[in-house]
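Shown next, in structure tokens, is the structure this report addresses.
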Ligand code: UDP
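Residue numbers (my numbering): 117 to 461.
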């Protein structure tokens, strides 16, 4: 059945809302903030700067340095700014670290998230867009992955995100808190202002481009014996602007009901080798590679079906061509050779 909510979405786009963005100094949050402001909303960024960059926060957004676990500070921000909706992106997101340090992930992603929900409940804020992940599915039973597939996370990162999603369901039924949980596939690319600058960096595209720029010697390919077209893992890369725009569309459904959407570009995805070859084409640089063993917990293929959000909200990715994604990330890197902070990679 085709369900459409054109009226609701038109309302969300036309009405300027006051929105709190937790984690708005991070890679995804900074671009979501930028798109919110471009769409005419007012954004307040709440971030403890443990990983984010103050410089990444859009100049038109208000900024509050604070921690999710500080309920009093959260309540103050929600009330003082008369916040109408929250976009919750503040989380730890390193899969490997979550395996060795699960306590950190449960504490921030789950306990911190619950602290936010309680503050929202106490202040009567009933709309939430949540930054979730395809890591909730674990090793998928089939691809493309749609929202009906079972959740079976293989690491504490995915578990902590899923546990929070499950709490959302009960906060909805008990307190009427409406949520849209967006399960991201591989966010990549940059805008003119904001790009990817993690420390430590673990993601493929920034590592490949830092190698092209001469800041790293080589890229390791984690396994070439997977059952895929060239033996390396297949992932679904989605441009950060397409991802950010989905958050704004998702606002439109929150007065109707709660929901979960996958967010990727679908198709055949791209192998690790295809990413490296495309980066060579885009940059015109040598990119030295070295074969390395498989990285524990990496599924062979993760590709989204995003049919649900396309059908229900009319979302369509505009920048799904990998060359466009990598070109934007390269342009940002060339323009910001030392990142947001004054330091060498
Ligand atoms: N990868 C790789 N070398 C690297 C980093 C990543 O071969 O230095 C591979 C990784 O095994 C996965 C893909 O690139 O198959 C994407 O990894 P990334 O960490 O960017 O995102 P993930 O899919 O794990 O969220």
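Glycine included, C-beta positions come from ideal geometry on N, C-alpha and C.
Less than 8 Å separating the beta-carbons of residue i and residue j?
i, j, result
"residue 202", "residue 136", "yes"
"residue 350", "residue 387", "yes"
"residue 419", "residue 380", "yes"
"residue 231", "residue 271", "no"
"residue 305", "residue 445", "yes"
"residue 464", "residue 337", "Residue 464 is absent from the model: the chain starts at 117 and stops at 461."
"residue 433", "residue 384", "no"
"residue 151", "residue 361", "yes"
"residue 251", "residue 273", "yes"
"residue 416", "residue 300", "no"
"residue 234", "residue 134", "no"
"residue 297", "residue 281", "yes"
"residue 245", "residue 367", "yes"
"residue 155", "residue 364", "yes"
"residue 348", "residue 339", "yes"
"residue 346", "residue 389", "yes"
"residue 405", "residue 335", "yes"
Between residue i and the rest of its own chain, which residues show a CB-CB distance below 6 Å, the 5 nearest in sequence each way excluded?
i, result
"residue 145", "137, 139, 205"
"residue 172", "141, 146, 310, 456"
"residue 243", "201, 294, 370"
"residue 356", "147, 303, 305"
"residue 180", "162, 193"
"residue 228", "184, 185"
"residue 443", "398"
"residue 452", "none"
Buried or exposed, going by whether 16 or more other CB atoms sit within 10 Å of the CB of residue i?
i, result
"residue 448", "buried"
"residue 175", "exposed"
"residue 450", "exposed"
"residue 403", "buried"
"residue 132", "exposed"
"residue 454", "exposed"
"residue 277", "buried"
"residue 421", "buried"
"residue 127", "Only weak support exists for where residue 127 lies, its pLDDT of 46 falling under 50; the value from the coordinates is given anyway. By the neighbour-count rule (16 or more Cβ atoms within 10 Å), residue 127 is not buried but exposed."
"residue 463", "Nothing in the structure corresponds to residue 463, since the chain is present only between 117 and 461."
"residue 312", "buried"
"residue 291", "exposed"
"residue 258", "exposed"
"residue 254", "buried"
"residue 219", "exposed"
"residue 247", "buried"
"residue 375", "buried"
"residue 409", "exposed"
"residue 269", "buried"
"residue 322", "buried"
"residue 382", "buried"
Can you find the residues in the same chain that come closer than 7 Å, C-beta to C-beta, to residue i, ignoring five residues on each side of it along the sequence?
i, result
"residue 117", "Low confidence applies here, because residue 117 scores a pLDDT of 32, under 50, leaving its location unreliable and the question unanswered by this model."
"residue 249", "274, 277, 299, 300"
Near residue i, which residues of its chain fall below 8 Å by C-beta distance, leaving aside the five closest residues on each side in sequence?
i, result
"residue 325", "395, 399, 442, 445, 446, 449"
"residue 164", "181, 182, 183, 184, 206"
"residue 438", "353, 386, 390, 391, 394"
Inset, instruction - Scan the region 187–248 and note each continuous beta strand (DSSP E) run of 3 residues or more that stays entirely inside, going in chain order. - result: 201–204
Legend entry - Segment contact flag, the region 315–326 with the region 260–279, C-beta cutoff 8 Å, min 3 pairs: Flag = no, the region 315–326 and the region 260–279 do not touch.
Legend entry - beta strand (DSSP E) runs contained entirely in the region 374–412, provided each spans 3 or more residues: With a minimum length of 3 residues, the unbroken runs of beta strand (DSSP E) contained wholly in the region 374–412 fall at 375–379, 405–408.
Inset, instruction - Scan the region 130–170 and note each continuous beta strand (DSSP E) run of 3 residues or more that stays entirely inside, going in chain order. - result: 134–138, 158–163
Legend entry - Runs of beta strand (DSSP E) wholly within the region 422–454 (minimum 3 residues, chain order): none
Inset, instruction - Quick one: which unbroken alpha helix (DSSP H) runs of 4-plus residues sit fully inside the region 297–381? Chain order, please. - result: 320–328, 356–367
Legend entry - Start-end ranges of the alpha helix (DSSP H) lying completely within the region 247–292, minimum 4 residues: 272–291
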